[in-house]
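Worksheet for the structure shown next.
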Amino acid sequence: MTSRRWFHPNIGGVQAEKLLLSRGRHGSFLARPSTSCPGGFTLSVRRQDEVTHIKIQNTGDYYDLYGGEKFATLAELVQHYTGQRGALLRERSGAPVELRHPLGCQDPTSERWYHGHLSGKEAEKLLLEKGRPGSFLVRESQSKPGDFVLSVLTKQPDKEDHRPPVTHVMIRFQPDGKYDVGGGERFDSLSDLVERYKKNPMVEKSGAVVPLKQVGMPPDVTLGARVGCSPPREKGAEGPCPGWTPVSPCQPLKATRITATSMESRVRELNRPTDVGEKAKQGFWEEFEMLQQQECRLLYPRKEGQRLENKPKNRYKNILPFDTTRVVLRGVDDSVPGADYINANYIRSDPEDKPGHGLGKVYIATQGCLPTTVSAFWMMVHQENTRVIVMTTREVERGRNKCFRYWPELHGSREYGCVHVCSVAESQAQGYCVRELQVWRPDQEEPPRTVKHYQYFSWPDHGVPAEPAGVLGFLEEVNQAQRSTPGAGPMVVHCSAGIGRTGTIIVIDILVDLIRRQGLDCDIDVPKTIQLVRRQRSGMVQTEAQYKFVYLALQRYIQGEQLRLREQREPSEERDYQNVGAVPVDLGPEPTPSRAPAATTETPVGVYENLLSLGRTPPQPCRSGMVWDVARASAQSLAVTLQSRVGTCLLNEGML
């Protein structure tokens with residue numbers, strides 16, 4: 240689990256239940272601070288139409304479920320009980336409590352310097368690889384859930400200077416929704432805090448976080464979590480401390496990983512100019528340029544495409560397949576040099592997946608056919624058991640040949656080398672054409688295969704489509720066709736060169752599939768995904784316009800999913816919210832899953848937190864199976880009590 244957005248720092252049990260019942264599904268879960276045990280936490284899990292609350296103990300040394308396995312961080316505990324290999328929680332009855340789908344919390348800011356769940360070591364590696372002195376990022380604290388850390392690169396590594404090059408400053412999130420760095424000035428938002436210290440640098444000594452003596456900071460404030468911090472400077476000393484270096488967070492190291500639900504705000508951020516003035520560039524340009532600069536790191540051998548006998552098979556002499564991922568034609572005449580060559584690469588959404596074992600998708604990205612490569616193209620289609628071909632270009636655009644026509648006319652039949660192709664049907668849709676082809680090899684005893692050919696006409700000669708809805712609808716039909724044939728081989732995608740439109744379509748499809756499988760709370764990273772496919776075929780996603788179109792297509796898809804989910808919830812929104820048999824309570828509007836302070840006062844005691852002792856009794860008032868006071872109408876001094884229905888003890892597997 241690469242994200243910890245399942246942690247909701249400012250909700251109670253009632254709000255957790257409302258969120259899980261309105262936004263979640265069976266197996267959805269979140270973690271939150273305990274309302275009855277200060278310093279502790281609670282894991283809230285949806286099980287069908289009920290919500291179970293499991294207490295998490297924080298001793299100061301470790302986290303556990305009041306017995307059983309012990310963990311250094313809350314994230315490690317949650318990860319242990321999630322995932323395919325995670326340990327399973329069970330009730331005494333043996334009924335499982337499954338943690339399948341993390342319910343995400345909205346990020347505290349849409350600023351691109353916020354990196355979310357990132358460890359200290361990961362932050363240091365990122366800053367050292369991509370930053371320069373003054374570069375910074377803000378991340379979640381792993382040791383103190385709900386707080387944050389400002390990580391700043393103070394200097395370049397130096398063999399003679401053994402001071403750590405990265406300083407980490409703890410940022411506390413207070414119950415009233417304010418942020419501070421251990422004392423002194425308090426801020427309404429992380430953005431305000433960062434802006435303040437961009438103008439008024441903090442100070443560090445020997446790489447250790449030390450008391451800050453800057454304007455607006457009290458001299459006795461001790462920050463941070465490095466071992467061996469130098470003692471505070473004596474009061475009354477004047478001038479700069481010997482060996483102290485300004486920590487000036489002036490160059491943000493910007494994050495690219497976001498939660499799917501944050502896409503709209505991220506697009507707004509990327510549309511903002513990065514600088515002032517006439518030559519200001521948008522964030523899209525900035526991110527894309529960074530990708531282009533990293534392209535030199537993704538160069539792998541392309542010797543096969545450079546062979547003399549294979550050069551005529553390449554539509555563009557410099558756009559060649561990587562040898563490591565190229566499609567190798569089998570069953571060819573080995574005596575013919577280059578007989579196994581075609582300008583095509585496998586593209587895997589998860590290269591670590593073993594074929595047939597993972598959930599990742601597999602594509603073949605290739606160039607538009609030349610008259611001399613049509614036979615090799617159909618040999619590849621038959622060899623790979625491809626059932627869907629996606630063509631994102633016309634045969635001729637602006638008077639230039641983009642792709643040789645490699646299929647027969649309607650109701651016609653052609654022989655392409657050892658493969659026969661017959662066109663049996665053709666239909667026109669909005670912006671594209673669908674052809675049904677029968678493909679077979681006469682020398683093999685097997686029935687003809689049905690191959691669907693989708694040709695997209697609506698991609699303009701230059702640039703990208705004006706809006707992404709057409710592409711999303713096109714991809715939906717393409718994927719329905721792919722899913723309709725169990726055991727179908729990789730989808731073949733091509734344009735002319737097989738990298739620009741082809742890469743854009745594949746990246747959109749990979750990320751839409753990720754959201755479809757994992758839900759709107761999943762993490763997505765557009766630049767990282769493009770780097771992933773570029774490691775398998777060079778130059779995928781060619782222009783800034785195509786790069787931006789990926790974002791806009793994802794934004795449109797996510798908006799559609801959010802609308803669909805709202806419409807599904809509407810019929811049930813009028814029912815009273817209660818998961819126990821008791822008097823209905825008006826709990827107000829559905830809470831927004833964010834880090835902003837709650838609009839109403841938290842319940843003073845725990846709500847349905849139903850984990851009993853594993854070998855010992857939790858401290859009071861952490862008891863289960865009792866009547867909790869969960870709502871008070873202060874205007875009328877009316878107390879309403881609810882009786883919990885879920886008071887069973889939860890045990891780790893193997894602890895019975």
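For the sequence shown, the working numbering assigns the number 240 to the initial residue and increments by one for each residue that follows.
Positions of the beta carbon are idealized from the N, C-alpha and C atoms, including for glycine.
Only a predicted model underlies this, so the values are computations on that prediction, with no experimental measurement involved.
Residues of its chain near residue i, where Cβ-Cβ distance is below 8 Å and the 5 sequence neighbours each way are ignored
i      : result
Pro457 : For Pro457, the pLDDT reaches just 32, beneath the cut-off of 50, and the residue's location in the model is therefore unreliable, although a value from the coordinates is still provided. Correct list, in chain order: Gly422 and Gly423.
Arg680 : His621, Cys657, Val658 and His659
Gly670 : Tyr695, Phe696, Ser697, Gly709 and Phe713
Ile896 : With the chain covering 240 to 895 only, the question about residue 896 has no answer from this structure.
Lys417 : Arg425, Phe426 and Asp427
Leu338 : Gly266, Phe268, Leu282, Val284, Val317, Tyr320, Thr321, Gly325 and Leu328
Ile234 : Shown here, the chain extends from 240 to 895; a query on residue 234 therefore has no answer.
Among the options, nearest to residue i - alpha-carbon criterion
i      : options                           : result
Gly577 : Asn584, Ile586 and Val567         : Val567
His354 : Arg805, Phe387 and Ser332         : Phe387
Lys492 : Tyr418, Leu258 and Leu376         : Correcting the residue type first, residue 492 is Leu in the shown sequence and not Lys. For Leu492, the nearest C-alpha among the options comes from Leu376.
Val629 : Thr741, Asp427, Ser723 and Asp573 : Thr741
Gly343 : Asn582, Arg262 and Trp524         : Arg262
Asp431 : Glu350, Ser501 and Asn510         : Glu350
Ala727 : Val690, Thr768, Val746 and Leu711 : Val690
Lys641 : Cys608, Gly279, Asp572 and Leu258 : Cys608
Leu316 : Arg331, Phe280 and Cys661         : Phe280
Leu759 : Glu503, Gly778, Ser662 and Val575 : Glu503
Residues that residue i bridges to, as DSSP identifies them
i      : result
Cys672 : Gln667 and Gln694
Thr406 : Val391
Val629 : Tyr693 and Val732
Ala604 : Asn584 and Val732
Cys344 : In DSSP, Cys344 forms no bridge with anything.
Lys294 : Thr281
His659 : Glu654 and Trp679
Val377 : Tyr353 and Leu389
Ser267 : His340
Ile497 : Ile763
Pro512 : Gln521
Inter-residue Cα distance where the pair is residue i and residue j
i      : j      : result
Ser273 : Lys383 : 14 Å
Leu365 : Leu357 : 10 Å
Pro610 : Gln545 : 19 Å
Val703 : Arg554 : 22 Å
Ile410 : Pro347 : 13 Å
Arg633 : His733 : 11 Å
Ala604 : Thr498 : 28 Å
Ala362 : Gln533 : 19 Å
Ile237 : Asp748 : Any answer about residue 237 is impossible in this case: the structure gives the chain only from 240 up to 895.
Val717 : Gly370 : 42 Å
Gly252 : Trp245 : 15 Å
Leu304 : Glu783 : 49 Å
Val765 : Tyr790 : 8 Å
Lys360 : Asp419 : 23 Å
Thr232 : Asn584 : Residue 232 is absent from the structure shown; the chain starts at 240 and stops at 895.
Ser501 : Arg653 : 50 Å
Gln904 : Thr564 : Limits of the chain in this structure are 240 at one end and 895 at the other, which puts residue 904 out of reach.
Tyr645 : Val635 : 13 Å
Glu665 : Arg773 : 34 Å
Arg496 : Lys257 : 27 Å
Val408 : Arg378 : 10 Å
Arg862 : Cys276 : For Arg862, the predicted structure reports a pLDDT of 38, less than 50, and the residue's modelled location is therefore unreliable. A value from the coordinates is still provided. One C-alpha to the other measures close to 10 Å.
Asp700 : Met619 : 28 Å
Neighbour-count burial assignment, residue i, 16 or more Cβ in a 10 Å radius
i      : result
Glu715 : exposed
His292 : buried
Pro341 : buried
Cys200 : With the chain covering 240 to 895 only, the question about residue 200 has no answer from this structure.
Pro551 : exposed
His692 : buried
Glu623 : buried
Arg285 : buried
Tyr539 : exposed
Met529 : exposed
Asn582 : buried
Lys294 : buried
Glu290 : Here residue 290 turns out to be Val, not Glu, going by the sequence shown. When all chains shown are included, Val290 counts as buried.
Ala720 : buried
Arg511 : exposed
Gly522 : buried
Contact set for residue i: own chain, Cβ-Cβ below 6 Å, skip 5 residues either direction
i      : result
Gly385 : Pro248 and Phe412
Ser588 : Gly599, Lys600 and Ile749
Sequence-distant residues of the same chain with beta carbon closer than 7 Å to residue i, five excluded per side
i      : result
Tyr655 : Val613, Ser614 and Trp617
Arg897 : Residue 897 lies beyond the residue range present for the chain, which begins at 240 and ends at 895; the question has no answer from this structure.
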